[in-house]
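To start, the structure itself, in structure tokens.
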Amino acid sequence: MWMELGVLDDHPHLTHARFGVYHDLCGVTLHLWRDPDRLEAHLSEISPPDAALIAELCAAIRVFRDMDMPMDRAFELLSLADWIGIFARNMPMIMAHRRFSTVSLRDFAQRLQHPALRGMLEHFWHADMSMQFFLMQMGFAAKGTAAYPLGGSGPFIDRLVARAEQSGTTLVTGARVASVITDAGRACGVMLEDGQRIEARHVIAACDAETVFSRLLADQPSLRPSELDALDRFPPLCYFSGGVTHEFGDIPSSMMGHNIALHPPLDMGPTRHTRATVQIYTFDKTVSPESGTLLTAMLESDYDWWKELRRGGAERYDAERGRVAEQIIAALDHLYPGLAGSVVFSDLATPLTFERYTGNHRGAYEGWLPTPAAAQVKLPTHFKEIENFWMAGHWVAPGGGMPPAAYTGRNAIQLICAQEGRRFRVSRP
Ligand SMILES: Cc1cc2nc3c(=O)[nH]c(=O)nc-3n(C[C@H](O)[C@H](O)[C@H](O)COP(=O)(O)OP(=O)(O)OC[C@H]3O[C@@H](n4cnc5c(N)ncnc54)[C@H](O)[C@@H]3O)c2cc1C
1 MWMELGVLDD HPHLTHARFG VYHDLCGVTL HLWRDPDRLE AHLSEISPPD
51 AALIAELCAA IRVFRDMDMP MDRAFELLSL ADWIGIFARN MPMIMAHRRF
101 STVSLRDFAQ RLQHPALRGM LEHFWHADMS MQFFLMQMGF AAKGTAAYPL
151 GGSGPFIDRL VARAEQSGTT LVTGARVASV ITDAGRACGV MLEDGQRIEA
201 RHVIAACDAE TVFSRLLADQ PSLRPSELDA LDRFPPLCYF SGGVTHEFGD
251 IPSSMMGHNI ALHPPLDMGP TRHTRATVQI YTFDKTVSPE SGTLLTAMLE
301 SDYDWWKELR RGGAERYDAE RGRVAEQIIA ALDHLYPGLA GSVVFSDLAT
351 PLTFERYTGN HRGAYEGWLP TPAAAQVKLP THFKEIENFW MAGHWVAPGG
401 GMPPAAYTGR NAIQLICAQE GRRFRVSRP
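Numbered per our numbering, the sequence shown spans residues 1 to 429.
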């Protein structure tokens, strides 16, 4: 898929050996190896009493690594024979799905005896995520299909834009859609906030679900799927980035980064943070000058608190952003002494920043949280009440992320092709 979208081709990407690194308070460092054999050996050595549970976990990672799902076609277009084949080929995965989709990372972690192992699972990402989501991520990593494109998201987007334009797409930026225009139960274009009307045979909404149902289709409130009420959104983020000239030496690189303890803990409004996941980009020198390294850190944060702060004026809001950035730097300095003195720049994006740039409701950065409840939900992407209207993006695939953003878009176009009796074809640049 990424080859077809022109973002990989021969562009270098890095398949880290580790998914993440967890530093516990007692000096234990856990490596979340993407090779399940290595992971099993490593974790069992750290905690022999947990060996049976670790073996179960790693066996499930292998099952998700080996699953064989047809990701290149919208499920609606699969035939009965396709489904029989999928079931026949994926029985172990279907069993593992049943077993782990109803259990959260937090619940599974409670079964482990070693506190560092428990901490690693609970801080892998979000403790309320289902184990099935975690295992899928680990399975993709084990297979080598989850990778980091060198240069990060900026050049990735540039290549995506170039490919779209080469294929004849006209991209309009800086324009907000105010509503979807419908006529006799059929979508036939969009109305921009500046009053401009754009006619279209089909409309694909690839933006925030709440915006779609409460604003873009405000005249059809019954369309809002009731399933949405059962789902939780990803909590919004504070995202720190900084440039340092500090020499890190040979530190282990990973997909997610280092989960570290914060000394002292960081208070942000109602939330006390005792840990943060920090990415240290020593593995990608293209994102910083030769003499420096990029650092980023992700912390979940309270949307209402930042909103209230911003209402109080830009000065207080910016001062708080500065304070949080400084505390993150101080915590990193605790782990890497001397780092604070080498900071060249730092910045903090808040939940309001993400909301402003993406329109995602309350800054939720990856749509719906893949909780056990979400694993039972299949969200509609089109509606019988409104023809030629489709939805794509992370709000129709709980768990979100770039792969669902891309494949739900492709699914929408496949369904349009099927409706219009046209063959769906892809090419590579
Ligand atoms: C800090 C951070 C790190 C992440 N890391 C990863 C990662 O490592 N791997 C991964 O897979 N995912 C990652 N994600 C998540 C990933 O970026 C998202 O899930 C993905 O971008 C979702 O794509 P999307 O197209 O569905 O929505 P978005 O990227 O949110 O795009 C929606 C677009 O719609 C536009 N829009 C909204 N409303 C309107 C309107 N009314 N009119 C016109 N346009 C509108 C917005 O401006 C925006 O351009 C990360 C996200 C963040 C914030």
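We treat Cβ as the ideally placed atom computed from N, Cα and C, and that holds for glycine.
None of these values were measured; they are calculated from a predicted model.
Please confirm whether residue 281 and residue 291 have their CB atoms less than 8 Å apart. Result no, Cβ atoms of residue 281 and residue 291 do not sit closer than 8 Å.
Would you report the Cα separation of residue 111 and residue 105, rounded to the nearest angstrom? Between residue 111 and residue 105, the C-alpha separation is close to 10 Å.
Within its chain, find whatever has a CB closer than 7 Å to the CB of residue 370; leave out the 5 residues flanking it on each side and keep chain order. Closer than 7 Å at the Cβ level, and outside the excluded window around residue 370, lie 129, 130, 133, 398 and 399.
How would you call residue 95, buried or exposed, if buried means at least 16 neighbouring beta carbons within 10 angstroms? Here residue 95 is exposed. Its C-beta has fewer than 16 other C-beta atoms within 10 Å.
Just grab the DSSP bridge partners of residue 34 for me. BP columns for residue 34 are empty, so no partner.
Classify residue 257 as helix, strand or coil using the three-state DSSP reduction. Look at residue 257 here: in three-state DSSP terms it is coil, with no helix or strand label.
Hey, residue 36 and residue 175: beta-carbon distance below 8 Å or not? Taking 8 Å as the cut-off, the beta carbon of residue 36 is found no closer than this to the beta carbon of residue 175.
Taking the alpha helix (DSSP H) that residue 58 belongs to, which residues open and close that run? From DSSP, the alpha helix (DSSP H) with residue 58 extends over 51–65.
So, for residue 186: in the same chain, excluding its five sequence neighbours on each side, which residues have a beta-carbon less than 6 Å away from its beta-carbon? Only 387 and 388 meet the Cβ criterion.
Nonlocal neighbours in the same chain, by C-beta distance under 7 Å from residue 310, ignoring five residues either side: For residue 310, where only same-chain residues beyond five positions count, the Cβ hits under 7 Å are 317 and 352.
Give me the DSSP bridge partner(s) of residue 280. Beta-bridge pairing links residue 280 to 295.
Considering only the beta carbon of each residue, do residue 238 and residue 348 sit closer than 8 Å? The answer is yes: Cβ separation under 8 Å.
By the three-class DSSP mapping on this structure, what secondary structure does residue 389 have? Collapsing the DSSP output to three states places residue 389 in a strand.
Nearest to residue 19 by alpha carbon, out of 7, 27 and 33? It is 33.
Using CA atoms only, rank isn't needed, just tell me which of 332, 21 and 307 is closest to residue 265. Nearest to residue 265 by alpha-carbon distance, out of 332, 21 and 307, is 332.
Span of the alpha helix (DSSP H) holding residue 153? Here the alpha helix (DSSP H) through residue 153 covers 153–166.
Can you give the beta carbon distance from residue 260 to residue 278, rounded, assuming they're within the 8 Å contact cut? So it is a contact: roughly 6 Å between Cβ atoms.
Rounded C-beta distance between residue 303 and residue 248? I'm assuming under 8 Å. Under the criterion of beta carbons closer than 8 Å, residue 303 and residue 248 do not qualify as touching, at roughly 33 Å.
What is the rounded straight-line gap between the Cα of residue 426 and the Cα of residue 5? Going from the Cα of residue 426 to the Cα of residue 5 covers about 9 Å.
Using DSSP with H/G/I as helix, E/B as strand and the rest coil, what is residue 14? Strand, per DSSP.
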